[in-house]
Amino acid sequence: MLRMRPLPPISQLNKALGSILKMGHYATALSLIQNKLQQFQGIQVNICTFCIAINCYCYLNGVDFGLSLLGTLFKRGYTPDVTTFTTLINGLILQDKTPQAVELFKKLMRTREIEPDVVMYGTIVNGLCRTGNTIRAVSLLRIMEEGSCKPNTVVYSTIIDSLCKDRMVDDALKLFSTMDEKGIFPNVVTYTSLIHGLCNFGQWKEATRMFKEMLDSGIAPDVHMYSVLLDGCTKEGKMKEAEGVLEVMIQRNVDPNVVTYNALMDGYCLQGQMDEAIRVFNTMVDRGLRSNVFSYNILINGYCKKMKIDEAVHLFRELPRRGLKPDNGTFSAILRGPFSITFLPRDYNLMLRHTTMIQGFCEEGLLREAKELFVKMEHNGCLPNDVTYNTIIRGFIGQHKCYEALILVEEMVQRGFSADASNSSLVIDILSTKGQDPALQEVIKKFMPKDGHRIQEIE
DNA sequence: ACTAGTGGAG
């Protein structure tokens with residue numbers, strides 16, 4: 001007879017779920033929760049399990065699903081704790097709803113429903129930094145310093161990294177130097193952010209000084225740190241040193257990953273040494289690492305710059321065979337290359353090739369390139385037609401470049417073309433939001449097809 | 001046990 005095993009303690013389940021989450025398997029964690037609930041009807045799910053589920057929903061289906069679970073939680077008589085709310089705040093930030101996240105945070109502060117802890121503060125700081133509000137994050141840091149919830153290394157690191165990315169490396173250095181006074185110690189993450197920032201601004205000497213300082217304080221570099229250093233070397237054209245970094249990390253049993261090799265490959269591409277870049281690519285694969293779309297983009301970009309079209313096309317075609325999908329970076333590399341129209345399908349005629357390319361440029365926001373090709377296509381013996389005009393005009397309007405659009409509209413009308421359906425509706429959209437701009441009015445009037453009555457309806 | 005911060009192409 002089958003004897004029922006004792007119910008696993010809920011803490012055991014939660015612990016297992018924790019390690020599944022660390023690997024990013026949110027769907028697995030969710031189905032595990034559901035299975036356990038069905039398997040053991042009487043199992044007592046606690047607030048942590050709910051929080052894990054909310055977190056999974058936030059990552060898988062969006063924060064709205066997470067919020068709806070909060071309702072269930074209330075209905076069953078549970079009281080959400082600070083972690084639950086932090087999870088939701090993080091969910092909002094993940095979905096680019098940082099203003100709502102800040103609102104929720106403020107509301108919790110106001111109603112004193114929850115006493116925010118350092119993680120909740122850190123989550124808000126992260127949200128502010130990610131949305132270009134680093135200065136507001138610094139203000140929040142000051143508030144924390146004066147209050148009872150003191151900032152920790154994570155909060156400082158988040159802001160230091162953001163300052164570096166906002167090109168305020170000096171301010172990052174200043175903030176860094178105040179950490180010591182407060183007895184908050186930088187870790188490898190703090191140093192990585194700062195050294196990355198210094199490398200990006202060519203302050204190689206200062207970067208190496210910081211690295212030595214870190215080693216002296218007994219902090220061990222990890223794969224992130226070594227990759228940043230290697231990348232810094234290649235940006236300085238120091239390929240020998242970059243290879244040296246790779247050797248050192250292998251020696252010290254820090255395994256390089258695909259990011260490390262990509263950085264090295266990009267360095268060789270920058271030097272125009274495509275043979276070396278390919279050698280690195282092969283070494284990476286030999287070491288059992290999988291190339292990603294970045295690896296391909298780096299090489300395609302390198303070949304395009306060297307006018308090696310066959311090699312670039314070959315790699316481009318290899319992407320799907322490796323189960324990889326070209327992304328914006330791939331198209332960007334191709335579009336900037338001198339042979340970009342060659343990548344397009346064989347049955348595209350010259351006209352279609354140019355128009356497709358122009359559309360690609362517009363979608364990438366590369367209007368200057370779009371205009372260049374637009375001018376060039378006439379020299380290539382290929383007159384733009386109504387589709388070409390509509391494509392490029394849509395591009396300029398999309399980037400709110402009304403005056404450039406106006407010139408093109410006049411040209412188009414002169415040649416006897418008019419706006420297509422998609423552009424007409426686009427114009428109506430703009431009219432409803434920005435109709436008061438006289439310059440835009442001018443564009444719109446010329447742009448619309450002969451039956452201008454739809455404009456009057458709106459006016 | 002659950003929640004926040006670090007690296008790479010264009």
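Here UniProt numbering is used: position 202 in the first sequence is 202, and no number is missing along the way. Built from N, CA and C at the ideal position, the CB exists for glycine as well. Owing to the predicted nature of the structure, the values given are computational and were not obtained by experimental measurement.
Quick one: is Ser19 buried, meaning 16 or more other Cβ sit within 10 Å of its Cβ, or exposed? Within a 10 Å sphere around the beta-carbon of Ser19 sit fewer than 16 other beta-carbons, which makes this residue exposed.
Go through the UniProt repeat "PPR" (117 to 151) residue by residue and report every complete run of the alpha helix (DSSP H) that reaches 4 residues or more, in order. Whole alpha helix (DSSP H) segments, 4+ residues: 118 to 130 and 134 to 146.
So the alpha helix (DSSP H) Ile20 belongs to, where does it begin and stop? Ile10 to Lys22 is the span of the alpha helix (DSSP H), which, as asked, contains Ile20.
For Ser11, is the classification buried or exposed, using 16 other Cβ atoms within 10 angstroms of its Cβ as the cut-off for buried? Exposed.
What I want to know is whether the C-beta of Val259 ends up closer than 6 Å to one or more non-hydrogen atoms of the ligand ZN. Ligands displayed in this structure: none; no statement on the ligand ZN is therefore possible.
DSSP three-state assignment for Ile458, whether helix, strand or coil: The pLDDT assigned to Ile458 is 33, lower than 50, so where the model puts this residue is not dependable; a value taken from the coordinates is nonetheless given after this. The answer is helix: DSSP assigns Ile458 an H, G or I state.
Sequence-distant residues of its chain with Cβ nearer than 8 Å to Lys308 (five each side left out): By the criterion of a C-beta distance shorter than 8 Å, Lys308 is surrounded in its chain by Met274, once the five residues flanking it on both sides are discounted.
Span of the alpha helix (DSSP H) holding Lys240? For Lys240, the uninterrupted alpha helix (DSSP H) segment begins and ends at Met239 to Gln251.
Measuring CA to CA, which of Asn55, Phe316, Tyr59 and Met168 is closest to Thr84? When the alpha-carbon of Thr84 is set against those of Asn55, Phe316, Tyr59 and Met168, the nearest one is in Asn55.
Ordered along the chain, which non-local residues of its own chain (more than five positions away) have a Cβ less than 8 Å from that of Leu408? Once the five neighbours on either side are set aside, the close Cβ partners of Leu408 are Tyr389, Ile392, Ile393 and Phe396.
Could you check how far apart the C-beta atoms of Ile300 and Ala263 are, in whole angstroms? I think they sit under 8 Å. Ile300 to Ala263, Cβ: 16 Å. No contact.
Indicate the three-state DSSP secondary structure (helix, strand or coil) for Ala419 in the structure shown. Looking at Ala419 - three-state DSSP - the assignment turns out to be coil, as it is neither helix nor strand.
For Val118, I'd like the list of residues in its chain whose CB is within less than 6 Å of its CB, leaving aside the five on either flank, ordered along the chain. Result list for Val118: Cys149 and Asn152, in chain order.
Going along the chain, which residues of its own chain have a beta-carbon closer than 8 Å to the beta-carbon of Asn380, five neighbours each way excluded? Answer for Asn380: Leu350 and His354, listed in chain order.
Output the distance between the C-alpha atoms of Ala207 and Thr190, rounded to the nearest integer angstrom. Rounded to the nearest whole angstrom, the CA to CA distance from Ala207 to Thr190 is 13 Å.
Classify Pro382 as helix, strand or coil using the three-state DSSP reduction. One point to set straight first is that residue 382 is Cys, not Pro, in the sequence displayed. Note: Cys382 maps to coil in three-state DSSP.
Helix, strand or coil for Leu198 per DSSP? It is helical.
What number of angstroms, rounded off, separates the C-alpha of Cys199 from the C-alpha of Arg290? Looking at the two C-alpha atoms, the distance is approximately 27 Å.
Mapping DSSP to helix, strand and coil, what is Asp224? Residue identity differs from the one stated: residue 224 is His in this sequence, not Asp. DSSP places His224 in the helix class (H, G or I) of the three-state scheme.
Starting from Arg317, follow the alpha helix (DSSP H) in both directions and report where the run begins and ends. In this chain, the alpha helix (DSSP H) harbouring Arg317 covers Ile309 to Arg321.
Whole angstroms are fine: how far does the CA of Ala421 sit from the CA of His453? Because the pLDDT at His453 is just 40, under 50, the model does not fix this residue reliably, and the point stays unresolved.
Are the stretch 250 to 259 and the stretch 232 to 242 in contact at 8 Å, needing three or more beta carbon pairs? Flag = no, the stretch 250 to 259 and the stretch 232 to 242 do not touch.
Measuring alpha carbon to alpha carbon, tell me which residue in Ser295, Gly24, Thr178 and Tyr59 is nearest Ala277. Residue Ser295 is the option with its Cα nearest to Ala277.
Can you tell me which of Leu163, Cys362 and Glu378 puts its alpha carbon nearest to the alpha carbon of Lys401? Ranking Leu163, Cys362 and Glu378 by CA distance to the CA of Lys401 puts Cys362 first.
Helix, strand or coil: how does DSSP classify Gly218 here? Gly218: coil per DSSP, three-state reduction.
Could you pull out every residue in the same chain whose Cβ sits closer than 8 Å to the Cβ of Phe65, ignoring the five residues on either side in sequence? Counting only residues of its own chain and dropping the five nearest sequence neighbours on each side, Phe65 has a CB closer than 8 Å to the CB of Tyr57 and Cys58.
Spatial neighbours of Gly237 within its chain, please: C-beta separation below 6 Å, excluding the five flanking residues on both sides. Hits under 6 Å: none found.
Measure the CB-CB distance between Val63 and Gln95 and report whether it falls below 7 Å. Contact flag set, yes.
Quick check: what's the CA-CA separation for Asp161 versus Lys235? Whole-angstrom Cα-Cα distance: 19 Å.
Given this structure, state the Cα-to-Cα distance separating Met144 from Leu104, to the nearest angstrom. Between the alpha carbons of Met144 and Leu104 lies a gap of roughly 18 Å.
Got a sec? Which residues, its chain only, sit under 8 Å from Asp257 by beta carbon, not counting five neighbours each side? Before going further, note that residue 257 is Asn rather than Asp in the sequence given. Here the set comprises Val223, Ser227 and Leu289.
Look at the Cβ atom of Ile52, then the Cβ atom of Leu17, and state whether they are nearer than 7 Å. Yes.
Three-state secondary structure assigned by DSSP to Arg112: Note: Arg112 maps to coil in three-state DSSP.
If you run the structure through DSSP and keep just helix, strand and coil, what is Pro326? Three-state result, Pro326: coil.
Would you say Gly360 and Phe316 are within 7 Å of each other, going by their C-beta atoms? At least 7 Å separates the beta-carbon of Gly360 from that of Phe316.
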